[in-house]
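Q: What follows is a structure written as structure tokens; I'll ask about it next.
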Amino acid sequence: MALVLSGGKVVSAASVFQADVRVENGLIDNVGLDAARAGDEITDVSGKFILPGGIDAHTHFDLPLGDGTRTADDFPSGTKAAAAGGTTCVIDYATQFRGESLGRGLANWHELADGRSFCDYAFHLALTDWNASVAGELPAVIEAGVTSFKMYMAYKGSLQVDDGVLYNVMTELKKTGGLLCVHCENGDITAARSLELLGAGKKQPEYHPVSRPEELEEEAVGRLLVISGLAGAPVYVVHVSSARSMKKILEARSYGQTVFAETCPQYLYLDDSLYSPRNADAAKYICSPPLRDKKNHAGLWEALSKNLVDVVATDHCSFNFKGQKDMQADFTKIPNGLPGVQSRMLLLYLGVSRGRITLPQMTRLASENPARIFGLYPGKGSIIPGADADMTILDPDGKTLITAKNHFQNVDYTPYEGWEVPCAIESVYLRGKRIFHRGSFTTDRPLGRFIRRNATVLQN
Ligand SMILES: [Zn+2]
Numbered sequence: 030m031a032l033v034l035s036g037g038k039v040v041s042a043a044s045v046f047q048a049d050v051r052v053e054n055g056l057i058d059n060v061g062l063d064a065a066r067a068g069d070e071i072t073d074v075s076g077k078f079i080l081p082g083g084i085d086a087h088t089h090f091d092l093p094l095g096d097g098t099r100t101a102d103d104f105p106s107g108t109k110a111a112a113a114g115g116t117t118c119v120i121d122y123a124t125q126f127r128g129e130s131l132g133r134g135l136a137n138w139h140e141l142a143d144g145r146s147f148c149d150y151a152f153h154l155a156l157t158d159w160n161a162s163v164a165g166e167l168p169a170v171i172e173a174g175v176t177s178f179k180m181y182m183a184y185k186g187s188l189q190v191d192d193g194v195l196y197n198v199m200t201e202l203k204k205t206g207g208l209l210c211v212h213c214e215n216g217d218i219t220a221a222r223s224l225e226l227l228g229a230g231k232k233q234p235e236y237h238p239v240s241r242p243e244e245l246e247e248e249a250v251g252r253l254l255v256i257s258g259l260a261g262a263p264v265y266v267v268h269v270s271s272a273r274s275m276k277k278i279l280e281a282r283s284y285g286q287t288v289f290a291e292t293c294p295q296y297l298y299l300d301d302s303l304y305s306p307r308n309a310d311a312a313k314y315i316c317s318p319p320l321r322d323k324k325n326h327a328g329l330w331e332a333l334s335k336n337l338v339d340v341v342a343t344d345h346c347s348f349n350f351k352g353q354k355d356m357q358a359d360f361t362k363i364p365n366g367l368p369g370v371q372s373r374m375l376l377l378y379l380g381v382s383r384g385r386i387t388l389p390q391m392t393r394l395a396s397e398n399p400a401r402i403f404g405l406y407p408g409k410g411s412i413i414p415g416a417d418a419d420m421t422i423l424d425p426d427g428k429t430l431i432t433a434k435n436h437f438q439n440v441d442y443t444p445y446e447g448w449e450v451p452c453a454i455e456s457v458y459l460r461g462k463r464i465f466h467r468g469s470f471t472t473d474r475p476l477g478r479f480i481r482r483n484a485t486v487l488q489n
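What follows is the structure in structure tokens.
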């Protein structure tokens, strides 16, 4: 039987319009006034917005750090939190650790996610070990539906790769059609400054941002864009945290380079005053790049409002405050990352309610752009006939209190504790099935599927 959501306003990347949405066999069948046919089940969503389900293009679920520490959220809890927050698909960073083949790295992530996920998922693959045999595996990985990759210019001694490797990988991906995502911070100088600070007895969380200031992100973004320019390859800059890094991206675009930019709610709302020695919870906010001076917020929001940033993702990488983040002898040992997969759509809507971005822009940043860039479109990212019926019903007359007391994230805090957002996630539909309604899951079954992506991104 077909389902019709009736009376709501559909949000597309271009506009907000009154329409019914008819869903059949898990797909959007029709969008328009009077889409219902005899025998259809009608659900009244009057006064609500019907958004394409969110796509969080940057998560780290069940990520091991190598010292026995793992992220607090695994795929069951992370995808449940995503769905409860209106996100119906995540693209998680599978990781090939040193010494592993790409096939091994991907197989590890399938074991963690398959049959255990409450929303759909796809993988990027982070490369930490590059050699001829790894290069030879790329076509098979792309064939398996993993069409984007990641490398780190930071984390010296573990994840960091050098500039020559970045160049080689981009050159190779240009042939195979994959897209490289890059974490931009100068890892060598961060490591040197960290040693310098520790040597001076400066061990507290307040020195984390001192060890990796804005200049080191800006420098790495600039260097990356020289490398990608010479390779003639597109590139995606993850978690842009500062207005000056955005300027580097705009400069490269002005030379005709294809550069995608992502930022995260933490860089739009939180700032480095949280690392103050007066804040006993400062370790909660350790992430890289670090939270920045508040003056960056205006520049980043302006970039969102002018459509210069392509994607807002979370970089959800959760560690408990008690027992994981609070136990460390110095700031370099505090596991990096913040939770956020459940609050992304709410925080974007908060920006809408404050007039920073429009609802169609929110939909572009949260759903359609990540779908297009990462090869999920048109199956996902937009409410159009033929697409998966992934939909988030948002009530603009509702209210949501963000708190760790009742979130689905399996972590003991949220950076947005006590924030009230002027909307509520009424229901969430995954491929036509309502999986979440008014605060509760309507199914116990992990219905999320692995989504094989295509590489059409670069033609868009
Ligand atoms: Zn990340």
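Residue numbers for the sequence shown follow my numbering, beginning at 30 and rising by one. Heads up, the beta-carbon is just placed ideally off N, CA and C, and yes, glycines get one too.
Check whether the region 272-281 and the region 301-311 are in contact - that is, three or more C-beta pairs closer than 8 angstroms.
A: These segments do not touch.
Q: Does the beta-carbon of D344, which I'm using as the reference point, lie nearer than 7 angstroms to any heavy atom of ligand 1?
A: On the sequence shown, residue 344 is found 315 positions in, with the first residue counted as 1. True, at least one ligand heavy atom lies under 7 angstroms from that Cβ.
Q: So, helix, strand or coil for Q295, using DSSP?
A: Sequence index remark: in the sequence shown, residue 295 carries index 266 (1-based). Here Q295 sits in helix by DSSP.
Q: Determine whether the beta carbon atoms of S146 and T176 lie at a separation below 8 angstroms.
A: Here the question's residue 146 lines up with position 117 in the sequence shown. Here the question's residue 176 lines up with position 147 in the sequence shown. Result no, Cβ atoms of S146 and T176 do not sit closer than 8 angstroms.
Q: Use the C-beta contact count for L376: other C-beta atoms within 10 angstroms, 16 or more gives buried, fewer gives exposed.
A: Walking along the sequence shown from the start, residue 376 turns up at place 347. That one is buried.
Q: I'd like to check one pair, E246 with S274: are the Cβ atoms closer than 8 angstroms?
A: Taking the first residue of the sequence shown as 1, we reach residue 274 at position 245. Taking the first residue of the sequence shown as 1, we reach residue 246 at position 217. For S274 and E246, yes; Cβs fall inside 8 angstroms.
Q: Should Y184 be listed as close to ligand 1, given that the test is whether its C-beta is under 7 angstroms from any heavy atom?
A: Position 155 of the sequence shown, counted from the first residue, corresponds to residue 184. Not so, every heavy atom of ligand 1 lies at least 7 angstroms from the Cβ.
Q: Nearest CA to the CA of L405: which residue from F152, Q371, K354?
A: Locating residue 405 in the sequence shown gives position 376, counting from the first residue. Taking only the C-alpha atoms, the option nearest L405 is F152.
Q: Since D85 contacts T124 with CB under 8 angstroms, what's their CB separation in whole angstroms?
A: Counting from one through the sequence shown, the residue named residue 85 turns up at place 56. Counting from one through the sequence shown, the residue named residue 124 turns up at place 95. Not a contact, Cβ separation roughly 17 angstroms.
Q: Would you call the region 358-368 and the region 92-108 touching, i.e. three or more CB-CB distances under 8 angstroms?
A: Yes, since at least three Cβ pairs between the region 358-368 and the region 92-108 fall closer than 8 angstroms, the two stretches touch.
Q: Taking 7 angstroms as the cut-off, is the beta-carbon of H153 closer than that to any non-hydrogen atom of ligand 1?
A: Along the sequence shown, read from residue 1 onward, the residue named residue 153 stands at position 124. No; taking the cut-off as 7 angstroms, the Cβ of H153 has no heavy atom of ligand 1 nearer than that.
Q: At a cut of 8 angstroms, does the region 234-249 reach the region 212-224 through at least three beta carbon pairs?
A: Result yes; three or more Cβ-Cβ pairs closer than 8 angstroms.
Q: Just list the alpha helix (DSSP H) runs in the region 186-220, keeping only unbroken ones of 4 residues or longer that don't cross its boundaries, in chain order.
A: DSSP runs (the alpha helix (DSSP H)) wholly in the region 186-220: 192-205.
Q: Using C-beta distances below 7 angstroms, list every residue in its chain close to S44, excluding the 5 sequence neighbours before and after it, in chain order.
A: Mapped onto the sequence shown, residue 44 falls at position 15. Only P389 meet the Cβ criterion.
Q: Is V119 near ligand 2 - that is, is its Cβ less than 7 angstroms away from at least one heavy atom of it?
A: Ligand 2 is not among the ligands present in this structure, which contains only ligand 1.
Q: Let's see if you can read the secondary structure: which residues bound the alpha helix (DSSP H) around E238?
A: If you number the sequence shown from 1, residue 238 lands on position 209. Checking the sequence, you will find Pro at residue 238 rather than Glu. First-last of the alpha helix (DSSP H) with P238: 237-240.
Q: Please classify V137: does DSSP put it in a helix, a strand, or coil?
A: Translated into the one-based positions of the sequence shown, residue 137 becomes position 108. For the record, residue 137 in the displayed sequence is Asn; it is not Val. Helix at N137.
Q: Pull the bridge partners of C118 from the DSSP assignment, please.
A: Within the sequence shown, the letter at position 89 stands for residue 118. Paired residues: I84, D149.
Q: By DSSP, does N489 sit in helix, in strand, or in coil?
A: The residue you call residue 489 lines up with position 460 of the sequence shown. With a pLDDT of only 39 at N489, under the threshold of 50, the placement of this residue in the model should not be trusted, and no figure is reported.
Q: Quick check: the Cα distance between L423 and T432, rounded to an integer number of angstroms?
A: Residue 423 sits at position 394 when you count from the first residue of the sequence shown. Residue 432 sits at position 403 when you count from the first residue of the sequence shown. So the alpha carbons of these two residues sit roughly 19 angstroms apart.
Q: By Cβ distance, which residues of its chain are closer than 6 angstroms to H466, with the 5 residues on each side in sequence left out?
A: The residue labelled residue 466 in the question sits at position 437 within the sequence shown. Excluding residues within five positions, the ones whose Cβ falls inside 6 angstroms are S456.
Q: According to DSSP, simplified to helix, strand and coil, what is Y445?
A: For the purposes of this step, residue 445 is taken as residue 416 along the sequence shown, with counting starting at 1. In this structure, Y445 counts as coil in the three-state DSSP scheme.
Q: Going by Cα to Cα distance, which pick from Y296, P399, Q357, A260 is closest to K204?
A: For the purposes of this step, residue 204 is taken as the residue at position 175 of the sequence shown. Nearest option by C-alpha distance: A260.
Q: So which of L167, D58, F104 has the shortest CA-CA distance to G477?
A: Along the sequence shown, read from residue 1 onward, the residue named residue 477 stands at position 448. Considering only alpha carbons, the answer is F104.
Q: What I want to know is whether the C-beta of H89 ends up closer than 7 angstroms to one or more non-hydrogen atoms of ligand 1.
A: Position 60 of the sequence shown holds residue 89. Yes - ligand 1 has a heavy atom lying nearer than 7 angstroms to the Cβ of H89.
Q: For a quick check, are the C-beta atoms of G55 and A416 less than 8 angstroms apart?
A: Walking along the sequence shown from the start, residue 55 turns up at place 26. Walking along the sequence shown from the start, residue 416 turns up at place 387. For G55 and A416, no; Cβs fall outside 8 angstroms.
Q: Given that a residue counts as buried once 16 or more other Cβ atoms are within 10 Å of its Cβ, and exposed if not, what is N489?
A: Counted from its first residue, the sequence shown places residue 489 at position 460. Note that N489 has pLDDT 39, beneath the 50 cutoff, so the model's placement of it is unreliable and the number below is only indicative. Exposed, because fewer than 16 other Cβ atoms sit within 10 Å of the Cβ of N489.
Q: CA-CA distance, G228 and N160?
A: The count along the sequence shown starts at 1 and reaches residue 228 at position 199. The count along the sequence shown starts at 1 and reaches residue 160 at position 131. If I take the Cα positions, the gap works out to 36 angstroms.
Q: Can you tell me whether N325 is buried or exposed, with buried defined as 16 or more other CB within 10 angstroms of its CB?
A: Here the question's residue 325 lines up with position 296 in the sequence shown. Answer is buried; the Cβ neighbour count reaches 16.
Q: Pick helix, strand or coil for L377, following the three-state DSSP scheme.
A: Numbered from its first residue, the sequence shown carries residue 377 at position 348. It is helical.
Q: With DSSP as the reference, please indicate the residues paired to A161 in a beta bridge.
A: Translated into positions along the sequence shown, residue 161 becomes position 132. BP columns for A161 are empty, so no partner.
Q: Distance, Cα to Cα, Q295 vs D69?
A: On the sequence shown, position 266 is the one that residue 295 refers to. On the sequence shown, position 40 is the one that residue 69 refers to. Looking at the two C-alpha atoms, the distance is approximately 42 angstroms.
Q: So, do the region 429-447 and the region 35-53 have three or more beta carbon pairs nearer to each other than 8 angstroms?
A: They do not touch, by the three-pair rule.
Q: Measuring only the C-alpha atoms, how far is S396 from G83?
A: By one-based count along the sequence shown, residue 396 stands at place 367. By one-based count along the sequence shown, residue 83 stands at place 54. Roughly 5 angstroms separates the two Cα atoms.
Q: Going by DSSP, name the residue or residues bridged to Y458.
A: As a position in the sequence shown, residue 458 is number 429, starting the count at 1. Partner(s): M420, R463.
Q: Pick helix, strand or coil for N59, following the three-state DSSP scheme.
A: In the sequence shown, the residue the question calls residue 59 occupies position 30. N59: strand per DSSP, three-state reduction.
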